Ligand code: NA
Ligand code: NA
């Protein structure tokens with residue numbers, strides 16, 4: 002091993018160390034990159050850093066980040082999402098486990114119109130967790146369901162992970178979006194099966210809603226309300242997906258249809274005001290800024306890792322991988338899963354994935370299938386204890402009685418379901434490749 | 363003979379594993395291998411595809427600053443930095459491979475290239491050539507100049523300006539979005555490269571009319587840009603190897619393209635039901651008129667561009683007559699018209 | 031140390047100012063992209079510079095958004111261990127982290143100024159003839175954005191220091 006390769010390892014190790022003791026991710030990325038890069042190759046190569054940063058801030062595909070965030074924030078700030086949850090929750094209360102299943106469905110719906118995990122989980126957590134607990138759901142089942150449903154937006158298009166992966170893999174965004182539809186729905190299906198199974202075997206963990214409570218809200222009134230609150234978010238889904246399918250907008254620009262749609266929906270429901278727009282604009286900048294902060298500072302880490310020849314380390318790692326392409330794929334999945342326990346998906350996408358890519362390209366692996374596998378894997382990383390973001394978001398809004406260990410215990414079965422989901426896509430690549438082929442994307 | 367050995371980094375405007383632009387016969391990685399072998403390992407070049415060390419369009423600045431020794435791209439990418447760079451890649455309604463390379467190697471073109479790049483501390487050599495490209499993919503056949511009005515077409519650069527004057531809505535979609543946009547009718551037409559590259563992107567599944575000829579890119583030439591101080595440090599024998607290897611790659615990449623494009627075109631027409639045919643004469647005539655005006659206007663903007671423009675056009679004038687009576691006459695005799 | 035608290039407040043105000051500007055640029059981005067899409071779809075027309083403006087607007091959102099996110103407490107960290115540390119240790123980690131961030135931001139400012147000058151000296155514009163000119167202005171957002179980030183990190187250093195010496199507040 003060359004001195005620079007040892008420095009490349011130290012770059013990673015020092016980053017992990019700083020991360021573990023609570024140094025902000027962005028600081029850790031930049032400091033580890035600057036220090037070990039400087040030791041390894043001196044100051045010259047860092048002159049390339051502005052070019053890399055310019056590459057990020059002038060990247061056309063990344064347009065979609067502020068646009069999608071804006072759409073999600075408008076939905077949340079206008080309380081449209083809140084009303085939707087209330088009605089859907091009431092509707093489904095008549096069957097055992099129904100409320101839990103409703104949350105999965107809401108997760109799918111919110112996921113299909115946006116995909117900002119933080120917003121989805123905070124909204125779902127604030128509005129449904131108290132209701133679920135009041136109706137006697139077990140804490141861990143409730144927390145697990147909310148976390149998992151909130152992350153569905155990362156695989157159900159439109160999704161930031163798919164967007165970045167399309168860029169990295171050199172595939173079209175449309176192809177990646179189409180490929181992820183069935184895997185996303187399969188995961189939702191697995192959640193539903195699990196919740197019904199728990200409700201069947203342990204009725205006290207997912208009880209049905211009481212008859213009096215249902216009687217309090219007449220069916221007719223409920224349907225009227227349903228129409229009013231389900232329609233707006235549904236319109237946004239139609240605006241984004243419809244704009245792509247209907248030939249109005251290319252996939253990246255389609256995000257603007259959702260964002261504009263969110264403004265119009267708020268206007269139509271009389272909720273649009275200067276204050277709302279201002280708050281939404283600022284919240285959007287805050288969330289998008291957080292993503293860009295990590296993207297931009299990971300350029301230091303990436304430059305150092307490349308400059309030190311870090312990609313050779315990954316090549317060495319593949320020499321340990323058992324049995325050809327299949328062995329390497331399983332190895333990659335396990336490795337991503339482990340990285341996902343510590344790293345954010347953005348870093349994994351931008352640092353780890355490009356390093357593995359040439360090997361799979363050289364071996365003619367279907368990149369759409371590979372990308373879908375990576376996406377499901379990265380979605381899982383939101384859920385894996387101890388560092389899954391979904392867990393932090395939920396803890397932030399959970400009522401006092403809910404402990405971190407309730408949440409951890411709750412997500413473990415869902416992490417196993419994710420593994421089943423990955424296995425299904427792995428064993429049946431058609432799950433990912435059929436739809437893009439069928440619609441010619 | 364100098365005993366020193368040299369280690370260079372080469373960045374590339376094209377992504378990992380792109381055929382022709384990164385890998386394959388006559389590609390930049392092939393150039394690296396040739397130089398390595400010829401020099402007995404005295405000149406080693408490490409290749410970085412777009413995005414690995416720097417983003418696709420940052421190679422010019424990196425070599426100009428001397429941070430990276432060499433970059434592989436097309437000079438027309440830099441026309442926003444120095445407009446004259448446009449001419450070394452190819453010229454709309456200019457000359458085909460034979461004439462373009464004749465101008466570069468024997469008509470003063472290569473010297474002008476050095477003159478244009480001197481202020482940026484760079485030297486440049488041709489390193490590959492795609493030959494004539496295609497007009498592009500159209501959802502509906504273009505039958506008249508009228509058909510161009512309101513046509514939404516993915517077409518960047520100078521050609522976009524020419525089309526724009528005929529009423530085309532020129533669009534700047536990135537490579538990855540061409541397919542879904544064309545397939546769904548967000549755009550009506552798209553320009554890319556030629557049969558082999560276009561087939562890889564799957565454009566035949568999005569549109570069925572494949573118009574020719576690539577009037578806007580009749581001889582797209584790749585560039586090998588080298589930082590001037592780096593170049594001057596090289597001993598004479600290694601300099602010669604770099605030049606010879608780049609010339610070999612020009613020939614090898616062109617002949618490889620000719621081979622795979624022929625095969626790909628047959629498959630596109632026979633298997634995918636693509637209609638491949640030239641644009642109508644009237645459309646070509648109109649495009650030619652507007653191109654001449656546009657080039658003249660752009661060339662008049664600065665003396666350096668004017669100098670390159672006049673050199674190219676002067677050479678073309680002399681070469682055209684010969685080309686028509688030799689290659690032109692032979693092609694129509696051998697292939698029919 | 032009321033002076034330190036006041037200084038931190040002033041620095042926050044700088045970040046807030048750029049953040050508010052960039053937040054409205056975000057709304058502008060929504061309207062611009064949607065407008066370009068609709069005009070193309072219905073009128074089959076559009077200008078090259080308006081298309082280029084789309085990704086030009088991403089730069090201020092990304093570069094000023096970085097500091098604004100931190101101002102609003104969105105710094106992402108793994109806090110499993112951190113939360114269990116005593117307050118003094120946490121403040122120490124925060125002080126060191128934010129000083130490092132100041133240094134990092136200043137290094138990027140220094141590195142990116144030649145990058146901007148290079149663009150200025152070649153009079154760089156778009157490779158598309160009717161595209162946006164004066165590209166050095168866009169590139170100048172990099173040192174400017176990181177200068178704002180340095181302000182934000184300095185403010186955080188001061189705030190963490192005030193937590194370390196709570197009595198001196
Ligand atoms: Na989504
Ligand atoms: Na995780």
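Protein chains in written order, with this note's numbering: chain E, 2 to 442; chain S, 363 to 699; chain L, 31 to 199.
From the three backbone atoms N, C-alpha and C, an ideal C-beta is built for every residue, glycine too.
Since we're looking at a predicted model, the values are computed, not measured.
Using a cut-off of 8 Å between C-beta atoms, extract the partners of residue 654/S located in chain L. Chain L residues near residue 654/S: none, gap ~15 Å exceeds 8 Å.
First and last residue of the uninterrupted alpha helix (DSSP H) at residue 70/L: 32-73
Report yes or no: is there a C-beta of chain E within less than 8 Å of the C-beta of residue 423/S? yes
Environment of residue 357/S [buried if 16+ CB atoms lie within 10 Å]: Beyond the ends of chain S as shown, which are 363 and 699, falls residue 357/S; an answer cannot be given.
Residues of the region 147-160 of chain E whose Cβ lies closer than 7 Å to any Cβ of chain S, in chain order: none
Starting from the Cα of residue 13/E, find the closest Cα among 304/E, 412/E, 390/E, 327/E and give me that residue. 304/E
Whose Cβ in chain S lies nearer than 9 Å to the Cβ of residue 311/E? What residue 311/E touches in chain S: nothing, since even the nearest Cβ is about 11 Å away.
What residue range does the alpha helix (DSSP H) around residue 396/S cover? 390-400
Just reading off the beta strand (DSSP E) that residue 516/S is part of, what are its end residues? 514-516
Looking at chain S, which residues of the region 63-77 of chain L have a Cβ within less than 7 Å of any of its Cβ atoms? 70, 74, 75, 76
Quick check: is the beta carbon of residue 417/S nearer than 8 Å to any beta carbon in chain E? yes
Rounded Cβ spacing between residue 239/E and residue 88/E (contact assumed at less than 8 Å): Incorrect: roughly 19 Å between the Cβ atoms, too far for contact.
Can you find at least 3 beta carbon pairs, one from the region 288-302 of chain E and one from the region 40-55 of chain E, that sit closer than 8 Å? yes
Residue 520/S beta carbon less than 8 Å from that of residue 448/S: yes
Looking at the secondary structure, which residues open and close the beta strand (DSSP E) in which residue 409/S lies? 405-410
Put residue 498/S into one of helix, strand or coil per three-state DSSP. strand
Suppose you measure from the CA of residue 244/E to the CA of residue 640/S; what does that come to, to the nearest Å? 33 Å
Endpoints, the beta strand (DSSP E) within which residue 639/S is located: 637-640
For chain S, find out if any of its Cβ atoms is closer than 8 Å to the Cβ of residue 172/E; answer yes or no. yes
For the region 262-281 of chain E and the region 82-96 of chain L, state whether three or more C-beta atom pairs, one from each stretch, are separated by less than 8 Å. no
First and last residue of the alpha helix (DSSP H) that includes residue 299/E? 275-308
Any Cβ of chain L within less than 8 Å of the Cβ of residue 245/E? no
I'd like to know whether the C-beta atoms of residue 512/S and residue 531/S end up nearer to each other than 8 Å. yes
Between residue 404/S and chain L, is any beta-carbon pair separated by less than 8 Å? no
In terms of alpha-carbon separation, which member of 146/L, 160/L, 129/L lies closest to residue 523/S? 160/L
Shorter than 8 Å from the beta carbon of residue 48/E to some beta carbon of chain S? yes
Does the CB of residue 175/E have a neighbour CB from chain C at under 8 Å? Note that chain C does not occur in the displayed structure, where the protein chains are E, S and L.
Can you name, in chain order, every residue of its own chain whose Cβ lies under 6 Å from the Cβ of residue 404/S, other than the five neighbours on each side? 367
Comparing alpha-carbon positions, which option in 113/L, 41/L, 142/L, 136/L lies nearest residue 167/L? 142/L
Simplified DSSP state of residue 363/S, which is helix, strand or coil: Confidence is the limiting factor: at residue 363/S the pLDDT is only 48, short of 50, which leaves the residue's position unreliable, though a coordinate-based value still follows. If DSSP states are grouped into helix, strand and coil, residue 363/S belongs with coil.
Who are the neighbours of residue 547/S on chain E, taking C-beta pairs under 8 Å? 248
For the region 287-298 of chain E, which residues have a CB atom closer than 9 Å to at least one CB atom of chain L, in sequence order? 287, 288, 289, 290, 291, 292, 293, 294, 295, 296, 297, 298
Where residue 371/S sits in the DSSP three-state scheme: strand
DSSP-derived helix/strand/coil call for residue 573/S: strand
Within its chain, find whatever has a CB closer than 7 Å to the CB of residue 313/E; leave out the 5 residues flanking it on each side and keep chain order. 6
So with CB distances below 8 Å, who are the chain E contacts of residue 210/L? Coverage of chain L is limited to positions 31 through 199, which leaves residue 210/L absent and any answer about it impossible.
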